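Residue numbers (the numbering used here), protein chains in the order written: chain B, 68 to 229; chain R, 1220 to 1450.
Backbone N, C-alpha and C fix where the C-beta goes; we use that ideal spot for every residue, glycine too.
Keep in mind the model is a prediction, meaning the values are calculated, not measured.
To start, the structure itself, in structure tokens.
This is the structure we're talking about:
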């Protein structure tokens, strides 16, 4: 199988991972598309025989973090002007977006990035602790403590119905 | 109370415990209703998250992503597709015929056992290629020798599919009698000198673009078209 067809085979899972990281499905597919483009450019860096899915998860996660930083920069740069022109507007939009989201989406979004990515890899993608720790480049102990804290927060947010 | 902490409880739920630890916790859970309730909560949380995101995995992949991976399928970095096309390639049947000759594929008498035969002046898929085009789904072809790329409706009606094999890749459209090959390029197994000259994918994508009405079929549409025998 070629590199591309291997990517195509795991693409449904990559989209799922993107969705569990992102604020909405459009962001998720943008992230996924960007990750595929990056993977195709960086294909020489992938070592055959290692797990392509883990490699892709790492690319996506790093892209997401980088993008998050630029989102924050953009928010800092544009927020004052926007707040001046449309007072209260951004807040309203935020409320609307929340209404559209399911409880699980909302709860996941409220987690700190580092807990959400750990939860996404282990609980949604089904990676082992070892695999997830490697993707995130953190020690196992750090991973498990993020899983404990993330789960605690989710259970609190989702209530007894979790 | 027991000495079972939250980390061990979730490790059990995540399938990370060895047999001995697992049994120890299961015994503790059996004796302690409060612990059992916490375990149950973690099991339900994991199930709920998995169920919530599962439908995304089942969705057909967006056409843009599929096309990106299929368009890149055989790009050889040394040869820019545009340059290759300008210098080395004509269009249509002339390319296909010269490739057939150059690669030594095909039995022009109309019979034989190659993937392509010439019948009444047109190239027609036969054997393994014909059966892949007729029956293979892009979503289920892990180890198939010939891989189906895009399936799509042709302008003016009818169905076409792109394919990729070791020896040849191309685009074929379903006619009444079978699959008429629209274009052939060297396949993924060709040596560099030949592949550089072709970078086949760019021209196949151009052919697909020129033929296609709308966007490629998703997995469900592909399955339905196959079930109707591409009629």
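Proximity test, Cβ basis, 8 Å: residue i and chain B
i                       : result
residue 1275 of chain R : yes
residue 1240 of chain R : no
residue 1436 of chain R : no
residue 1226 of chain R : yes
residue 1252 of chain R : no
residue 1223 of chain R : no
residue 1306 of chain R : For residue 1306 of chain R, the predicted structure reports a pLDDT of 34, less than 50, and the residue's modelled location is therefore unreliable. The matter cannot be settled from this model.
residue 1411 of chain R : Because residue 1411 of chain R carries a pLDDT of 38, less than 50, the predicted location of this residue cannot be relied on, and the following value inherits that uncertainty. Chain B contact via Cβ: absent.
residue 1237 of chain R : no
residue 1264 of chain R : yes
residue 1337 of chain R : no
residue 1407 of chain R : yes
residue 1260 of chain R : yes
residue 1447 of chain R : no
Selected residue, minimal CA-CA separation from residue i, among the options
i                       : options                        : result
residue 212 of chain B  : B:129, B:225, B:86, B:184      : B:184
residue 176 of chain B  : B:189, B:73, B:105, B:221      : B:221
residue 106 of chain B  : B:81, B:223, B:136             : B:81
residue 216 of chain B  : B:190, B:172, B:182            : B:182
residue 1426 of chain R : R:1448, R:1402, R:1370         : R:1402
residue 1347 of chain R : R:1386, R:1430, R:1379, R:1341 : R:1386
residue 1404 of chain R : R:1396, R:1379, R:1390, R:1394 : R:1390
residue 173 of chain B  : B:75, B:98, B:224, B:72        : B:224
residue 1276 of chain R : B:219, B:198, B:187, B:83      : B:83
residue 1424 of chain R : R:1287, R:1446, R:1223, R:1250 : R:1287
residue 1254 of chain R : R:1351, R:1267, R:1229, R:1265 : R:1229
residue 1383 of chain R : R:1362, R:1284, R:1245, R:1368 : R:1368
residue 69 of chain B   : R:1335, R:1289, R:1340         : R:1289
residue 179 of chain B  : B:74, B:103, B:214             : B:214
residue 123 of chain B  : B:209, B:210, B:199, B:219     : B:199
residue 232 of chain B  : R:1442, R:1249, R:1361, R:1241 : Absent from the structure is residue 232 of chain B, since the part of chain B shown begins at 68 and ends at 229.
residue 1377 of chain R : R:1366, R:1395, R:1335         : R:1395
residue 1241 of chain R : R:1252, R:1251, R:1256, R:1223 : R:1223
residue 112 of chain B  : B:136, B:101, B:100, B:126     : B:126
residue 133 of chain B  : B:197, B:102, B:93             : B:102
residue 1340 of chain R : R:1400, R:1284, R:1227, R:1256 : R:1400
residue 1406 of chain R : R:1375, R:1274, R:1285, R:1364 : R:1364
residue 76 of chain B   : R:1447, R:1442, R:1438, R:1450 : R:1438
residue 115 of chain B  : B:197, B:74, B:187             : B:74
residue 135 of chain B  : B:108, B:104, B:98, B:117      : B:98
Sheet register partners of residue i (DSSP bridge)
i                       : result
residue 1353 of chain R : Residue 1353 of chain R pairs with nothing; no bridge assigned.
residue 1388 of chain R : R:1383, R:1404
residue 1431 of chain R : R:1373
residue 1338 of chain R : R:1341
residue 115 of chain B  : B:117
residue 1367 of chain R : R:1382
residue 1393 of chain R : R:1398
Supposed contact pair residue j and residue i - C-beta distance, whole angstroms, cut 8 Å
i                       : j                       : result
residue 1398 of chain R : residue 1343 of chain R : 7 Å
residue 1372 of chain R : residue 1428 of chain R : Contact flag wrong, Cβ pair sits at about 13 Å.
residue 119 of chain B  : residue 1280 of chain R : Not really, about 16 Å apart at Cβ, beyond 8 Å.
residue 274 of chain B  : residue 1271 of chain R : The structure shown does not extend to residue 274 of chain B, since chain B spans only 68 to 229, so no value can be given for it.
residue 1380 of chain R : residue 1356 of chain R : Actually they do not touch by this definition, with Cβ atoms about 10 Å apart.
residue 1370 of chain R : residue 1444 of chain R : 7 Å
residue 1225 of chain R : residue 195 of chain B  : Not confirmed; about 19 Å, so no contact.
residue 87 of chain B   : residue 191 of chain B  : 5 Å
residue 121 of chain B  : residue 171 of chain B  : 24 Å between Cβ atoms; not a contact.
residue 1264 of chain R : residue 218 of chain B  : 6 Å
residue 1282 of chain R : residue 1388 of chain R : About 19 Å; that fails the 8 Å criterion.
residue 1227 of chain R : residue 1244 of chain R : 6 Å
Below-8 Å beta-carbon distance, residue i vs any chain R residue
i                      : result
residue 124 of chain B : no
residue 177 of chain B : no
residue 83 of chain B  : yes
residue 79 of chain B  : yes
residue 202 of chain B : no
residue 93 of chain B  : no
residue 100 of chain B : yes
residue 130 of chain B : no
residue 183 of chain B : no
residue 226 of chain B : no
residue 121 of chain B : no
residue 218 of chain B : yes
residue 89 of chain B  : no
residue 209 of chain B : no
residue 222 of chain B : yes
residue 165 of chain B : At residue 165 of chain B, the pLDDT of 45 sits below 50, so the modelled position is not reliable; the number obtained from the coordinates is stated separately. It does not; no Cβ of chain R falls within 8 Å.
residue 188 of chain B : no
residue 118 of chain B : no
residue 137 of chain B : no
Residue i: CB within 7 Å of a non-hydrogen atom of the ligand MG
i                     : result
residue 74 of chain B : With respect to small molecules bound, the structure shown includes none, and the ligand MG cannot be examined in it.
Short of 7 Å Cβ to Cβ, which residues in the region 1419-1433 of chain R face chain B? Within the region 1419-1433 of chain R, no residue has a Cβ that lies closer than 7 Å to any Cβ of chain B.
Given a limit of 8 Å on CB to CB distance, which residues of the region 101-114 of chain B reach chain R? Close to chain R, meaning a Cβ-Cβ distance shorter than 8 Å, are the following residues of the region 101-114 of chain B: 103, 104, 107.
Please name the residues in the region 1384-1395 of chain R whose beta-carbon is closer than 8 Å to at least one beta-carbon of chain B, in chain order. Along the region 1384-1395 of chain R, none of the residues has a CB nearer than 8 Å to a CB of chain B.
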